[in-house]
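Sequences listed follow chains A and B, in order. Take 58 as the starting number for the first sequence in my numbering and just add one per residue. Take 9 as the starting number for the second sequence in my numbering and just add one per residue.
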Amino acid sequence: MKKTWWKILGSLIVIYTTIAGLLLGVPRLAILNETIRNLYFHVPMWFAMLTLFSISVFYSIKFLLQGKEEDDLRAVESVNVGIVFSLLGLVTGSFWAKFTWGQFWSFDVKQNFTAVSILLYFAYLILRNAIDEEQKRAKIAAIYNIFAFPMMVVLIMVLPRLSDSLHPGNGGNPGFNSYDLDSRMRVVLYPAFIGWSIIGYWIYTIRFRIRSIENKQQHN
Amino acid sequence: MKKILFSLILMITTLQLFAQNNDVEMADALRSNGKIYVVVICIVVILLGLLVYLFALDKRLKKIEKENLPKN
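Written out as structure tokens, the structure is:
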């Protein structure tokens, strides 16, 4: 935990993707115009969210297997940070949509289902806070989390692909991958996924450390 | 000869496609007079500020963790 190299690495990657994302060449596409650069900032938010929710499920499973309170706290805190990233993704997506699809919310399949899956995780936090007894709370929350994760993945990644959606890569729309100029974008987009995930993980560790100190003080 | 001519014609038609692509409006003016860099600098300053803040928070938390350890 005392090592800081990965924090510096994450910061450098994020700074690189921001500068490169604003300055490097992008494909010239109608309607999208320069907003295609949003891809470097909007999509990594979702990727960071996925990373954090995956960490959460990992610790929920670990909690059910070993029953350590620490793992329960890790699961909750990573969901907390993941929700922040999902809200950032939703807001940035709405702004992007306003200027390319015409509305902040066009009731697109993917928009609706992501809203539903964010609500799923709100329900997780509410459920967890509603139970007073610690062991019971941790167990129920962990089981709920294990069910919520695959539902979120199906809602966000699978179902939108089966019907028509404004999002690229869904329904009849081609993914951004299908544009032949996309190789220029990959050198920014993929590092952005990694960089923002590292930053998200970092914030999660800070939250977890605060939480465990609070927890110790409560018990003393 | 015919083959070469044919492929040349094909190539020219694709050139036209590229030209069409260039009609899409981009922030070329901002880029050509260098003002895009002002935006980039602003965003990078904000990002750097937030990251430095995050490092500071981390440092402070480390201190608190050290203070809390000996008691337990």
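Quick reminder that beta carbons are idealized off the backbone N, C-alpha and C, glycines included.
Which chain A residues are close to residue i, counting only those with a beta carbon under 9 Å from its beta carbon?
{"i": "residue 76 of chain B", "result": "270, 273, 274"}
{"i": "residue 72 of chain B", "result": "266, 267, 270"}
{"i": "residue 48 of chain B", "result": "75, 76, 79, 80"}
How is residue i classed by DSSP in three states: helix, strand or coil?
{"i": "residue 43 of chain B", "result": "coil"}
{"i": "residue 277 of chain A", "result": "coil"}
{"i": "residue 99 of chain A", "result": "helix"}
{"i": "residue 83 of chain A", "result": "coil"}
{"i": "residue 237 of chain A", "result": "Confidence at residue 237 of chain A is low in this model, with a pLDDT of 46, below 50, so the placement of that residue should be treated as unreliable; the coordinate-derived value is given next. Helix, per DSSP."}
{"i": "residue 66 of chain B", "result": "helix"}
{"i": "residue 35 of chain B", "result": "coil"}
{"i": "residue 225 of chain A", "result": "coil"}
{"i": "residue 9 of chain B", "result": "coil"}
{"i": "residue 104 of chain A", "result": "helix"}
{"i": "residue 88 of chain A", "result": "coil"}
Within its chain, find whatever has a CB closer than 7 Å to the CB of residue i; leave out the 5 residues flanking it on each side and keep chain order.
{"i": "residue 94 of chain A", "result": "78, 79, 83"}
{"i": "residue 215 of chain A", "result": "none"}
{"i": "residue 137 of chain A", "result": "264"}
{"i": "residue 188 of chain A", "result": "194, 197"}
{"i": "residue 63 of chain A", "result": "255"}
{"i": "residue 146 of chain A", "result": "99, 102, 103, 106"}
Measuring CB to CB, does residue i end up less than 8 Å from residue j?
{"i": "residue 73 of chain B", "j": "residue 266 of chain A", "result": "yes"}
{"i": "residue 213 of chain A", "j": "residue 163 of chain A", "result": "no"}
{"i": "residue 105 of chain A", "j": "residue 259 of chain A", "result": "no"}
{"i": "residue 139 of chain A", "j": "residue 113 of chain A", "result": "yes"}
{"i": "residue 109 of chain A", "j": "residue 261 of chain A", "result": "yes"}
{"i": "residue 199 of chain A", "j": "residue 101 of chain A", "result": "no"}
{"i": "residue 197 of chain A", "j": "residue 177 of chain A", "result": "no"}
{"i": "residue 161 of chain A", "j": "residue 151 of chain A", "result": "yes"}
{"i": "residue 90 of chain A", "j": "residue 32 of chain B", "result": "yes"}
{"i": "residue 225 of chain A", "j": "residue 167 of chain A", "result": "no"}
{"i": "residue 61 of chain A", "j": "residue 97 of chain A", "result": "no"}
Could you spell out the range, first to last residue, of the alpha helix (DSSP H) harbouring residue i?
{"i": "residue 68 of chain A", "result": "62-80"}
{"i": "residue 126 of chain A", "result": "126-157"}
{"i": "residue 192 of chain A", "result": "191-210"}
{"i": "residue 174 of chain A", "result": "166-187"}
{"i": "residue 218 of chain A", "result": "216-219"}
Below 7 Å on C-beta distance, what does residue i contact in chain B?
{"i": "residue 86 of chain A", "result": "32"}
{"i": "residue 118 of chain A", "result": "Ordered by position in chain B, no residue passes the 7 Å Cβ test against residue 118 of chain A, which lies about 27 Å from the chain."}
{"i": "residue 68 of chain A", "result": "59"}
Quick one: residues in its chain with C-beta nearer than 6 Å to the C-beta of residue i, no 5 flanking neighbours on either side, listed in chain order?
{"i": "residue 268 of chain A", "result": "130, 134"}
{"i": "residue 171 of chain A", "result": "213"}
{"i": "residue 68 of chain A", "result": "none"}
{"i": "residue 8 of chain A", "result": "Since the first and last residues shown for chain A are 58 and 277, residue 8 of chain A lies out of range."}
{"i": "residue 223 of chain A", "result": "158, 165"}
Can you give me the Cβ contacts of residue i inside the same chain, cut-off strictly under 8 Å, excluding the 5 residues immediately before and after it?
{"i": "residue 156 of chain A", "result": "92"}
{"i": "residue 35 of chain B", "result": "44"}
{"i": "residue 256 of chain A", "result": "67, 68, 71, 105"}
Run down chain A in chain order and give the residues with a C-beta less than 8 Å from the C-beta of residue i.
{"i": "residue 51 of chain B", "result": "75, 79"}
Show which residues of chain B have a CB atom less than 8 Å away from the CB atom of residue i.
{"i": "residue 173 of chain A", "result": "Correct list: empty, because the minimum Cβ distance to chain B is about 30 Å."}
{"i": "residue 263 of chain A", "result": "62, 65, 66, 69"}
{"i": "residue 72 of chain A", "result": "52, 55, 56, 59"}
Quick one: which chain B residues come within Cβ less than 9 Å of residue i?
{"i": "residue 90 of chain A", "result": "32, 33, 34, 35"}
{"i": "residue 259 of chain A", "result": "62, 66"}
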